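Heads up, the thing below is written out as structure tokens.
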Amino acid sequence: MSETDTPPRAFGAGPPSAFARPSRLKRRLHIAGWIAAAMLALLMVIVAWLAVTAPLSRSLKPIAPPSISLLSADGHLIARRGAIIDRPVTIAELPAHVPQAFMAIEDRRFYSHWGVDPRGIARAAWHNLWSDGSSQGGSTITQQLAKGVFLSSDRTFGRKAREALMAFWLEAWLTKDQILERYLSNVYFGDNVYGLRAAALHYFDRQPERLTIPQAAMLAGLLKAPSRLAPTSNLKGARERGDLVTQAMVEAGYISKAERNVLAPARLRVRETPDPTSGTFFADWVLPQARDRAGAVYGAQNVATTLDWRIQRLAEGAIRRAPLGKAQAALVAMKPDGSVVAMVGGKNYSKSAFNRAVQAKRQPGSTFKLFVYLAAFRAGMTPDDFIEDTPITTGSYRPANHGGKYRGKITLRQAFAASSNVAAVRLTQKVGVDNVIKVARDLGVTAPLTEDLSLALGTSEIPLIELTEAYAAVAAGAYPVLAHGLPPEEQSWFSRLMSRQHRFSDDQLEMIRDLLSSAANRGTGSAAALRTSTFGKTGTTQDSRDAIFVGYAGGLVTAVWIGNDDNSPLPGGAAGGGVPARIWRDFMGRAINEPVEDAPTEEQDSDLVNAIANVTVEAGLGNMSVGLDTEGMTVNVGPAQIRLPIDQPPGPPPRPPPGRSPALLLRASFRPTPMNLRNDALSPFLTEAS
Numbered sequence: 299m300s301e302t303d304t305p306p307r308a309f310g311a312g313p314p315s316a317f318a319r320p321s322r323l324k325r326r327l328h329i330a331g332w333i334a335a336a337m338l339a340l341l342m343v344i345v346a347w348l349a350v351t352a353p354l355s356r357s358l359k360p361i362a363p364p365s366i367s368l369l370s371a372d373g374h375l376i377a378r379r380g381a382i383i384d385r386p387v388t389i390a391e392l393p394a395h396v397p398q399a400f401m402a403i404e405d406r407r408f409y410s411h412w413g414v415d416p417r418g419i420a421r422a423a424w425h426n427l428w429s430d431g432s433s434q435g436g437s438t439i440t441q442q443l444a445k446g447v448f449l450s451s452d453r454t455f456g457r458k459a460r461e462a463l464m465a466f467w468l469e470a471w472l473t474k475d476q477i478l479e480r481y482l483s484n485v486y487f488g489d490n491v492y493g494l495r496a497a498a499l500h501y502f503d504r505q506p507e508r509l510t511i512p513q514a515a516m517l518a519g520l521l522k523a524p525s526r527l528a529p530t531s532n533l534k535g536a537r538e539r540g541d542l543v544t545q546a547m548v549e550a551g552y553i554s555k556a557e558r559n560v561l562a563p564a565r566l567r568v569r570e571t572p573d574p575t576s577g578t579f580f581a582d583w584v585l586p587q588a589r590d591r592a593g594a595v596y597g598a599q600n601v602a603t604t605l606d607w608r609i610q611r612l613a614e615g616a617i618r619r620a621p622l623g624k625a626q627a628a629l630v631a632m633k634p635d636g637s638v639v640a641m642v643g644g645k646n647y648s649k650s651a652f653n654r655a656v657q658a659k660r661q662p663g664s665t666f667k668l669f670v671y672l673a674a675f676r677a678g679m680t681p682d683d684f685i686e687d688t689p690i691t692t693g694s695y696r697p698a699n700h701g702g703k704y705r706g707k708i709t710l711r712q713a714f715a716a717s718s719n720v721a722a723v724r725l726t727q728k729v730g731v732d733n734v735i736k737v738a739r740d741l742g743v744t745a746p747l748t749e750d751l752s753l754a755l756g757t758s759e760i761p762l763i764e765l766t767e768a769y770a771a772v773a774a775g776a777y778p779v780l781a782h783g784l785p786p787e788e789q790s791w792f793s794r795l796m797s798r799q800h801r802f803s804d805d806q807l808e809m810i811r812d813l814l815s816s817a818a819n820r821g822t823g824s825a826a827a828l829r830t831s832t833f834g835k836t837g838t839t840q841d842s843r844d845a846i847f848v849g850y851a852g853g854l855v856t857a858v859w860i861g862n863d864d865n866s867p868l869p870g871g872a873a874g875g876g877v878p879a880r881i882w883r884d885f886m887g888r889a890i891n892e893p894v895e896d897a898p899t900e901e902q903d904s905d906l907v908n909a910i911a912n913v914t915v916e917a918g919l920g921n922m923s924v925g926l927d928t929e930g931m932t933v934n935v936g937p938a939q940i941r942l943p944i945d946q947p948p949g950p951p952p953r954p955p956p957g958r959s960p961a962l963l964l965r966a967s968f969r970p971t972p973m974n975l976r977n978d979a980l981s982p983f984l985t986e987a988s
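If you count by the working numbering, then the sequence shown holds residues 299 to 988, one letter each, in order.
What follows is the structure in structure tokens.
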């Protein structure tokens, strides 16, 4: 067909166009051009916004020394701390292996990228996706330095974008050596020490120009978690991290494998630096967390904490009013979610800053029975099941009840309320030591636990704060609960998924709360009972070296401990149901706005129990013991046992009239007939286990 031979046009189609119709490829290129132009315009807007909001000019100025002011949740100043700093370092004066150690573990491509390393970001993302929980960061040294000019440590996309823009800005105006010098001279090394020179002097008492490879590697390794890995408190962890750094130096080609193999571990030579005290136990505990969260952020910062100023004052007052004598005391109060609202680590911070609420590990005594009974409930038992409260006569381990008092066959509820030692050991035998340990681990106990039957009586040492976390889990109905002094940071969905709590089953939660209520209201902890629902447990260790009460009421979980720092026995056979329970009641009544009048001392004796009364008489039939409880009477005549239940509808025990304790009601209603009574026959209350 010739060019003049055009096909006929349809009727009404109009004249032919003078322009050729664009091809499909040209149309796509046209659309792509508009999209690219729109994206470029958007990019320019974003860059302009970042340039306005990011303090670019500040990034070239000297970084201000860091300082942190801790504030209570209601705005009161708790403490203000400066930092240990020293002169900046110069790269040309440092041995080559010093900056190489930091680049090997933090940014191997430091001298080749332009401030942001896409390859490093991709590598970190791939590692984090397929790793078993360990994480890597993709930030370069330049980005980490850029982070230091911000006055907040939020992890939003906008913040990261400004950080990247500032990294490009720093790379444009400073040399690589200047960037590295600024970074090393200001980064945080734990122990409130900032900058390489200050860290070298603090940990090794030498200038950074004289650091060895192991010393430089240890310091470089601290940057991942400065407070947690500080060698003054975690030398093993710091050395292990240092080994990873030297391995990274081999992989980066800075040292040979043979050189690495002959390196000796770095040895500390801590240089004591005057350290201004913060003034409170809580501030000392939370400051490392605040510094870790701030990271490389410099300048003055105000950090809000979870502390409640009013409740803290009440806790200090309760400890101050207690008749402690020469003994020490500690108190931790937290919400069921783990937010610590009050902390007292000793009687007088100015005389001793040792935090007995966090740093001390003491035996928890019978408060550990929480885990034993929870293990029993997991195994299918109930509070109404029976357990033998009789001497254990087989095996190598033969614990005894306090005072040598036994009740025969009793329910788990009665055994928990009276804090029977032999019952707890029999339960541990029944469910297995491993299952008891499993419960303790589930509820957040990280301290080493002995794998024998003595564990049931709380012979393994546990920090008071971990014990409080475990009881907080029962209050919350979910575990584990982690104590924290700073408001939780916003987590990614993946982090929330991995750290989610587990719920107690409804039956198990109801049963353990039943027992804690029984112990706190009708058992060894009755001196702590409030008008509101009270749950708790007493603990007393061998020879009364430790006395503890831990429990919850009104949305607050509190643990109280008293003891001597030298682990010597407390005078007078002190027990958890005595002074600790009275401190707990004094504090909690005020904290939850339920003022309580102090009952006379003789009515709050630690040896008063209104749950079970025991009388032993010598009759012609032989030794006879009579046990009274809220459900009836148990009579033991020699080896025989008679149970006389009370035929009445179940219900809560009657509350005593104002001014009279339940134990006095028991005394009034029980009058033994004159017989040949032993000296302990009229002791109406059994204190808890040793």
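Glycine is no exception: its CB is placed at the ideal position from the N, C-alpha and C atoms.
Since the structure is predicted, the reported quantities are computational estimates derived from the model, not experimental observations.
Candidates the options: which alpha carbon is nearest residue i's?
| i | options | result |
| --- | --- | --- |
| H800 | V737, A781, A857 | V737 |
| L392 | V734, L478, F684 | L478 |
| H395 | T665, S321, R558, A613 | R558 |
| A370 | Y481, V639, W412 | One point to set straight first is that residue 370 is Ser, not Ala, in the sequence displayed. Checked all of Y481, V639, W412; the closest Cα to S370 is V639. |
| T266 | A774, R385, P697 | Given that the chain is displayed from residue 299 to residue 988, the structure contains no residue 266 and the question cannot be resolved. |
| R526 | Q587, Y481, V548, F466 | Q587 |
| I881 | L612, Q476, A465, L472 | L612 |
| R676 | Q806, H700, Q476, D590 | Q806 |
| F400 | R811, S815, V548, E767 | V548 |
| V291 | F652, L517, A628, K649 | Nothing can be reported for residue 291: it is not among the residues displayed for the chain, which extend from 299 to 988. |
| A771 | M337, F802, T748, V584 | F802 |
| L784 | V601, T822, P621, R883 | V601 |
| L751 | H782, L814, K633, F666 | F666 |
| A873 | R660, G887, V855, G837 | G837 |
| I511 | T688, A564, P786 | A564 |
| I860 | R618, R811, T530 | R618 |
| L463 | R829, G413, G775, Y777 | G413 |
| R569 | V858, D489, E507 | D489 |
| A616 | R326, V343, A857 | A857 |
| K649 | G853, A631, Q626 | Q626 |
Check whether the Cβ of residue i lies closer than 7 Å to any heavy atom of the ligand GTP, and answer yes or no.
| i | result |
| --- | --- |
| W332 | Ligands are entirely absent from the displayed structure, and the ligand GTP is therefore not among its contents. |
Note down, in chain order, each residue of its chain lying with its Cβ closer than 8 Å to the Cβ of residue i, except the 5 sequence neighbours on either side.
| i | result |
| --- | --- |
| A594 | Because the pLDDT at A594 is just 49, under 50, the model does not fix this residue reliably, and the value given afterwards should be weighed accordingly. Answer for A594: Q442, L443, K445, G446, N484, V485, Y486, listed in chain order. |
| Q505 | R495, A498, L499 |
| F818 | Correcting the residue type first, residue 818 is Ala in the shown sequence and not Phe. Around A818: S824, A826, A827, T832, F833, G834, K835, G849. |
| A550 | Q398, M401, A402, R406 |
| E686 | G706, K707, V720, A721, R724 |
| L622 | K645, I860, V877 |
From the DSSP output, which residues share a beta bridge with residue i?
| i | result |
| --- | --- |
| M632 | V638, V855 |
| D489 | For D489, which the question treats as bridged, DSSP gives no partner whatsoever. |
| Y777 | H800 |
| V343 | V343 pairs with nothing; no bridge assigned. |
| V601 | L368 |
| V1000 | Limits of the chain in this structure are 299 at one end and 988 at the other, which puts residue 1000 out of reach. |
| A845 | T838, I860 |
| F833 | Y850 |
| I382 | V491 |
| A377 | L368 |
| A627 | I860 |
| H395 | In the DSSP output, where bridge partners are listed per residue, H395 has none listed. |
| H782 | S637 |
Only counting the same chain, and skipping five residues up and downstream in sequence, which positions put a Cβ closer than 7 Å to that of residue i?
| i | result |
| --- | --- |
| T388 | E479 |
| A581 | L368, I376, A377 |
| T603 | L368, L369, S370, A371, I376, V584, G783, L784 |
| D863 | Q626 |
Less than 6 Å between C-beta atoms, sequence neighbours within five positions excluded: which residues of the same chain meet that for residue i?
| i | result |
| --- | --- |
| P867 | D841, S842, R843 |
| F502 | Q513, R567 |
| K474 | Y409 |
| L780 | G636 |
| F669 | V734, V737, A738 |
| R385 | R495 |
| Y704 | D687, T688 |
| D978 | Its pLDDT being 34, under 50, D978 is placed unreliably by the model, and nothing is read from it. |
>> Measuring CB atoms only, is the segment 739-747 touching the segment 717-726, in the sense that at least three cross pairs come out at less than 8 Å?
In response: no
> Of all the beta strand (DSSP E) runs that stay within the bounds of the segment 635-718, which reach a length of 3 or more residues?
Replying inline: Listed in chain order, the complete beta strand (DSSP E) runs (minimum 3 residues) inside the segment 635-718 are 638-642, 684-687, 706-709.
> Quick one: complete alpha helix (DSSP H) runs, 4+ long, within the segment 726-760?
Replying inline: List check, alpha helix (DSSP H) in window: 731-740.
>> Measuring CB atoms only, is the segment 754-769 touching the segment 649-666, in the sense that at least three cross pairs come out at less than 8 Å?
In response: yes
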